[in-house]
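Chemist: Structure in structure tokens, see below.
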Amino acid sequence: MTNLETALIHGAIREGYADKKGAVNVPMYLSSTFHQESIDEFGEFDYARSGNPTRDALERAIAELEGGDRGFAFATGMAAVTACLMLLSKGDHIVITEDVYGGTYRFVTKVLPRYGITHTFVDFTDLEAVRAAVKPETKLLYIETPSNPTLGITDIRAVTAIAKEHGALSFLDNTFMTPLHQRPLELGVDIVIHSATKFLSGHSDIVAGLAVTKTPELSDQLYFIQNSFGSVLGVQDSYTLIQNMKTTAVRYNESSRVAMKIAQYLQAHPLVEKVYYPGLETHPGYDIHAAQSTSAGAVLSFTLPSYEVAKKFVEAMQIPVFAVSLGGVESILSYPAKMSHAAMEPEERLKRGITDGLFRFSVGLENEDDLLADFAQALEKAMQ
């Protein structure tokens, strides 16, 4: 199937993905172990950590959506990130975008050094800085674009080319764009990662992580890690994610449409100091993003003048959930300094533009007029 909107709905239920009874939904195989017919030859599944038919359907579906060799489903988005990073070995070095999710920052700075894996944070919008950071022992360039939370844009083709020049791998966190609107493997990336908790699931009801490898060799390596560490996605959550993914296109596209209107409104508001959104022509990397993605996305960030103003604004907002996470059918207002990036030291947050006045807003499916009216009244109260 050439259209991803169709594959989202039918990808997991084709012949070989479900049973032969005509069910239009993949069954939940609630079994921890599987009977073997022969002592000499085992079947496709033996123990659920190593493989489960429901999870397999999901993994095949995400591999097709990303155009990769093999998909992997993990218990959380961070489990997917950490499993991929565990492909590295003692003595290896990572060049990683400085504007990265707080959980990834924590793992790279606090856990990997215990195993002799070093890192360098770099502004990935500066290709010369990326080149300069590469060492003989560099084995990975880690990309997040648009990045979290200031929507920094990385030129995917250029960075993956640098990685290949030096014999390094490239990983990309594609959570914000989904396979619908950004195709990392086609742009040279080796492994694409998702926090499927977000837009792919879209209902704030499960936590899940997905990864897709480009080559059979990487597939074998990542499967070994997945099976060894055992942080797999459970059967019921695999089923839920398959169901939720079917509506990703309609949810994401509508939320993105409204996100543009909110970004334009905030950009014109006198209280808002800065708006981060790849759909605005003033956004750094606007042209690059437009050349490698087909949507500006459903997430934006903006800065208010101070913590005091920010506090008034939060307390006045009525519609959005004020919470960690993003990508739900409900709009979610987040405060990175105390939520997604709380793991970062204050000075590191400030280097990345994560101030006490910065908010991240994930646009849901509420009526756009209601959302805009809510912003208007909350910003008015924050000005008082």
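Residue 108 in full-length UniProt numbering is what sits at position 108 of the sequence shown, and the numbering runs on without skipping anything.
Note that the Cβ used here is the ideal one computed from N, Cα and C, for glycine as well.
These numbers were taken from a predicted model, which means no experiment stands behind them.
Indicate the three-state DSSP secondary structure (helix, strand or coil) for THR82 in the structure shown.
Modeler: Looking at THR82 - three-state DSSP - the assignment turns out to be helix.
Chemist: Please specify which runs of the beta strand (DSSP E), each continuous and at least 3 residues long, are wholly inside the region 284-341, giving them in chain order.
Modeler: DSSP runs (the beta strand (DSSP E)) wholly in the region 284-341: 299-303 and 332-334.
Chemist: With 16 as the cutoff for other CB atoms within 10 Å, does HIS35 come out buried or exposed?
Modeler: Looking at its Cβ environment, which holds fewer than 16 other Cβ atoms inside 10 Å, HIS35 is exposed.
Chemist: By a C-beta neighbour count over all protein chains shown, 10 Å radius and 16 as the cutoff for buried, is SER38 buried or exposed?
Modeler: SER38 comes out exposed.
Chemist: Where in the region 201-256 do unbroken runs of the beta strand (DSSP E), each at least 3 residues long, occur, reported from the N-terminal end onward?
Modeler: Runs found: 209-213.
Chemist: Find the nearest neighbour of GLU98 within the set VAL81, LYS246, ALA7 and GLU348, judged by alpha-carbon distance.
Modeler: Of the listed residues, the one whose Cα sits closest to GLU98 is GLU348.
Chemist: Considering ILE143, what are the terminal residues of the beta strand (DSSP E) in which it resides?
Modeler: That run of the beta strand (DSSP E) goes 138-144.
Chemist: Among THR154, MET78, GLU5 and GLY22, whose alpha-carbon lies nearest the alpha-carbon of PRO284?
Modeler: Measuring from the Cα of PRO284, the nearest candidate turns out to be THR154.
Chemist: Mapping the DSSP letters down to three states, classify LYS274 as helix, strand or coil.
Modeler: The answer is strand: DSSP assigns LYS274 an E or B state.
Chemist: Given that a residue counts as buried once 16 or more other Cβ atoms are within 10 Å of its Cβ, and exposed if not, what is GLN182?
Modeler: Burial call: buried.
Chemist: By alpha-carbon positions, which one of VAL363, GLU308 and LEU358 ends up nearest to LYS381?
Modeler: Selected option, being the one with the closest Cα: GLU308.
Chemist: Using the Cβ count rule (16 or more neighbours within 10 Å means buried), how would you classify PRO346?
Modeler: The residue in question, PRO346, is exposed, as its Cβ has fewer than 16 Cβ neighbours within 10 Å.
Chemist: State buried or exposed for GLN292, treating a residue as buried only when at least 16 other CB atoms are found within 10 Å of its CB.
Modeler: Buried is the call here.
Chemist: Determine the direct distance from the alpha carbon of ASP237 to that of ILE117, and round the result to whole angstroms.
Modeler: ILE117 and ASP237: Cα-Cα distance of roughly 32 Å.
Chemist: Leaving aside the five residues before and after HIS289 along the sequence, list all residues of the same chain whose C-beta is less than 6 Å from its C-beta, in chain order.
Modeler: Correct list, in chain order: ILE153 and PRO278.
Chemist: Have a look at ALA323 and ALA263 and give me their C-alpha separation to the nearest angstrom.
Modeler: Cα to Cα, the separation comes out at about 20 Å.
Chemist: Mind checking who ILE96 pairs with in its DSSP beta bridge?
Modeler: The partner list for ILE96 (beta bridge, DSSP) reads PHE121 and TYR142.
Chemist: For GLU66 and PRO179, which I take to be in contact (beta-carbon distance under 8 Å), what is that distance rounded to the nearest angstrom?
Modeler: Contact flag correct, Cβ pair sits at about 5 Å.
Chemist: Just the C-alpha distance for ALA373 and GLN384, rounded to the nearest angstrom, thanks.
Modeler: Their Cα atoms are separated by approximately 17 Å.
Chemist: For residue 398, collect the residues of the same chain with a Cβ closer than 6 Å to its Cβ; drop the 5 residues on either side in sequence, then sort them by chain order.
Modeler: No statement about residue 398 is possible, as the shown extent of the chain runs from 1 to 384 and does not include it.
Chemist: For the pair the region 320-334 and the region 216-223, tell me if three or more CB-CB distances fall below 8 Å.
Modeler: No contact exists between the region 320-334 and the region 216-223.
Chemist: Of the residues LEU30, ASP69, THR197 and ILE62, which one's Cα is nearest the Cα of SER219?
Modeler: Here the closest residue by C-alpha is ASP69.
Chemist: Nearest to ASP205 by CA position, among PHE72, GLU5, ILE242 and PHE302, is which residue?
Modeler: For ASP205, the nearest C-alpha among the options comes from ILE242.
Chemist: Excluding the 5 residues preceding and the 5 following GLU41 in the sequence, name in chain order all residues of the same chain whose CB lies nearer than 6 Å to its CB.
Modeler: Excluding sequence neighbours, GLU41 sits near nothing in its chain.
Chemist: Could you give the first and the last residue of the continuous alpha helix (DSSP H) run that contains GLY102?
Modeler: Here the alpha helix (DSSP H) through GLY102 covers 102-106.
Chemist: Out of LEU30, GLY11, LEU87 and GLN377, which one is the CA nearest neighbour of ASN227?
Modeler: Ranking the options by Cα distance to ASN227, first place goes to LEU87.
Chemist: What three-state label does DSSP hand GLY71 in the structure shown?
Modeler: In the structure shown, GLY71 sits in a strand (DSSP, three-state: E or B).
Chemist: Exposed or buried, which one is GLY103 when buried takes at least 16 other CB atoms within 10 Å?
Modeler: With 16 or more Cβ atoms within 10 Å of its Cβ, GLY103 is classed as buried.
Chemist: Considering Cα atoms alone, identify which of PHE74, PRO27, VAL134 and PHE361 is closest to SER255.
Modeler: Selected option, being the one with the closest Cα: PHE361.
Chemist: In three-state DSSP terms, what is residue 395?
Modeler: Missing from the structure shown is residue 395; the chain here goes from 1 to 384 and no further.
Chemist: Where does THR33 sit, in a helix, a strand or coil, going by DSSP?
Modeler: Here THR33 sits in strand by DSSP.
Chemist: Would DSSP call HIS194 helix, strand or coil?
Modeler: Strand.
Chemist: How would you write the range of the alpha helix (DSSP H) that LEU4 sits in, first residue to last?
Modeler: Counting along the chain, the alpha helix (DSSP H) containing LEU4 begins and ends at 4-10.
Chemist: Report the residue from GLU165, ILE354 and ASN253 whose alpha carbon sits nearest the alpha carbon of VAL130.
Modeler: Here the closest residue by C-alpha is GLU165.
Chemist: I'd like to know whether the C-beta atoms of PRO149 and PRO305 end up nearer to each other than 8 Å.
Modeler: In this structure, PRO305 does not lie closer than 8 Å to PRO149 by Cβ.
Chemist: At the level of alpha carbons, what is the spacing between ILE13 and ARG251?
Modeler: Cα-Cα distance, rounded: 21 Å.
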